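Asker: Once you've had a glance at the structure underneath, I'll fire off some questions.
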């Protein structure tokens with residue numbers, strides 16, 4: 035039996051998932067939904083089996099998909115998820131869950147009431163680097179971590195709007211926050227300092243911060259700091275370094291670097307984390323076994339709560355307890 039999937043959104047992530055799904059046995063990309071028929075038809079045109087729609091409910095009524103991928107900007111969440119939950123359709127949603135916290139809180143409550151299968155696109159969790167780091171940390175004591183996302187500003191209009199993206203820490207650096215949670219456990223307290231330094235002079239109507247540093251106390255007693263900026267002309271550094279009594283673990287997008295007694299050992303990623311993420315989700319939809327999904331909606335809400343607390347701390351100047 036062929037499993038029918040639909041993709042809501044027409045950007046880079048929709049194509050990434052669409053390409054992977056078409057390579058999977060017994061999976062069909064049946065539909066794309068865009069903000070216009072022109073965008074939907076362009077996205078669907080890459081796949082022989084896909085139809086184009088510009089209304090979510092119209093697509094759901096016509097296609098009756100077995101699973102849906104939500105690949106929309108942060109501000110566009112809420113209505114889509116509510117429709118899928120009401121119809122009992124499993125979904126994979128790209129991060130972040132929204133530009134603010136209240137919407138995903140409501141969605142998470144509905145998901146918990148239904149037991150619906152969900153997955154969130156924190157693909158760093160599916161890397162070889164994260165798996166190996168988790169194994170090494172079983173035999174080491176993590177004392178602290180330093181995370182970073184140092185890059186440029188994405189050139190889409192909604193990213194520079196606070197109510198469009200939520201800001202860099204919520205929209206982008208959330209990957210590093212989630213990786214910290216995955217490897218070192220939950221966060222109890224957050225203190226943040228954000229500022230506007232450069233991009234407001236380069237672009238009109240900018241309301242997001244372009245530099246920020248967030249210090250966290252973890253439930254384990256460890257501490258962490260994650261910093262980000264989008265003022266650079268290009269991305270320079272993205273990753274998380276964990277410091278232990280045996281040396282440091284440096285997780286980058288393509289590898290894990292382990293330092294012990296002055297020597298570095300590198301472990302490159304060999305698999306595609308997006309493929310693993312899709313395999314886990316599709317397996318869960320087919321079988322009901324969600325054990326391979328590494329980030330459910332309810333779990334991702336905890337990451338969203340940290341990034342939201344950072345924004346509130348930056349606005350108030352106070353630390354926020356979670």
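Residue numbers (this note's numbering): 35 to 356. Here a beta-carbon is modelled for each residue, glycine too, at the ideal position from N, C-alpha and C. Given the structure is predicted, the values throughout are model-derived calculations rather than measurements.
What are the start and end residues of each continuous beta strand (DSSP E) run of 3 or more residues lying completely inside the region 243 to 328, in chain order?
Answerer: If we require 3 residues or more, the beta strand (DSSP E) runs fully inside the region 243 to 328 come out as 245 to 252, 257 to 263, 271 to 278, 281 to 286, 289 to 294 and 297 to 302.
Asker: Comparing C-alpha positions only, which one of 262, 65 and 327 sits nearest to residue 341?
Answerer: When only C-alpha atoms are compared, the closest one is 262.
Asker: Go through its chain and collect everything with a Cβ distance to residue 200's Cβ below 7 Å, but skip five positions before and after it.
Answerer: Once the five neighbours on either side are set aside, the close Cβ partners of residue 200 are 108, 130, 133 and 134.
Asker: Roughly how many angstroms separate the alpha carbons of residue 153 and residue 326, rounded to a whole number?
Answerer: The alpha-carbon atoms of residue 153 and residue 326 are separated by roughly 10 Å.
Asker: Are there 16 or more other CB atoms within 10 angstroms of the CB of residue 250, so buried, or fewer, so exposed?
Answerer: Classification of residue 250: buried, given that the 10 Å Cβ count is 16 or more.
Asker: List the DSSP bridge partners of residue 133.
Answerer: None, per the DSSP bridge assignment.
Asker: Could you give the distance in angstroms between the alpha-carbon of residue 82 and the alpha-carbon of residue 312?
Answerer: Taking the straight line joining both Cα atoms gives about 20 Å.
Asker: I believe residue 101 touches residue 332 by the beta-carbon criterion, under 8 Å. Please report the beta-carbon distance rounded to the nearest angstrom.
Answerer: That belief does not hold up - the Cβ atoms of residue 101 and residue 332 are roughly 18 Å apart, past 8 Å.
Asker: Between residue 223 and residue 336, which are expected to be in contact by the criterion C-beta below 8 Å, what is the C-beta distance as a whole number of angstroms?
Answerer: That pair is no contact at about 14 Å.
Asker: Measuring CA to CA, which of 185, 214, 256 and 257 is closest to residue 267?
Answerer: Among 185, 214, 256 and 257, the Cα nearest to that of residue 267 belongs to 185.
Asker: Give the secondary structure of residue 356 by DSSP, where H, G and I count as helix, E and B as strand, and everything else as coil.
Answerer: Correct three-state label for residue 356: coil.
Asker: Locate the alpha helix (DSSP H) running through residue 70, then write down its first and last residues.
Answerer: Residue 70 -> no alpha helix (DSSP H), and no H or E assigned at all.
Asker: For residue 206, I'd like the list of residues in its chain whose CB is within less than 6 Å of its CB, leaving aside the five on either flank, ordered along the chain.
Answerer: Taken in chain order, the residues that qualify are 183.
Asker: Look at the alpha carbon of residue 286 and the alpha carbon of residue 95, and state the distance between them as a whole number of angstroms.
Answerer: Approximately 42 Å, taken between the alpha carbons.
Asker: Per the DSSP calculation, residue 38 is bridged to which residue(s)?
Answerer: BP columns for residue 38 point to 62.
Asker: Taking residue 203 as part of the alpha helix (DSSP H), name the residues at either end of that continuous run.
Answerer: Residues 202 to 205.
Asker: Round the Cβ separation of residue 180 and residue 218 to the nearest angstrom and send it over; I've been treating them as touching at under 8 Å.
Answerer: About 12 Å separates the two Cβ atoms, so there is no contact after all.
Asker: Report the residue from 281, 226 and 309 whose alpha carbon sits nearest the alpha carbon of residue 259.
Answerer: Nearest option by C-alpha distance: 226.
Asker: Look at the alpha carbon of residue 120 and the alpha carbon of residue 277, and state the distance between them as a whole number of angstroms.
Answerer: Near 45 Å, if we compare the C-alpha coordinates of residue 277 and residue 120.
Asker: Write down the C-beta distance between residue 65 and residue 99 rounded to the nearest angstrom, noting that I regard them as a contact closer than 8 Å.
Answerer: Right, the Cβ-Cβ distance comes to about 7 Å (below 8 Å), so this counts as a contact.
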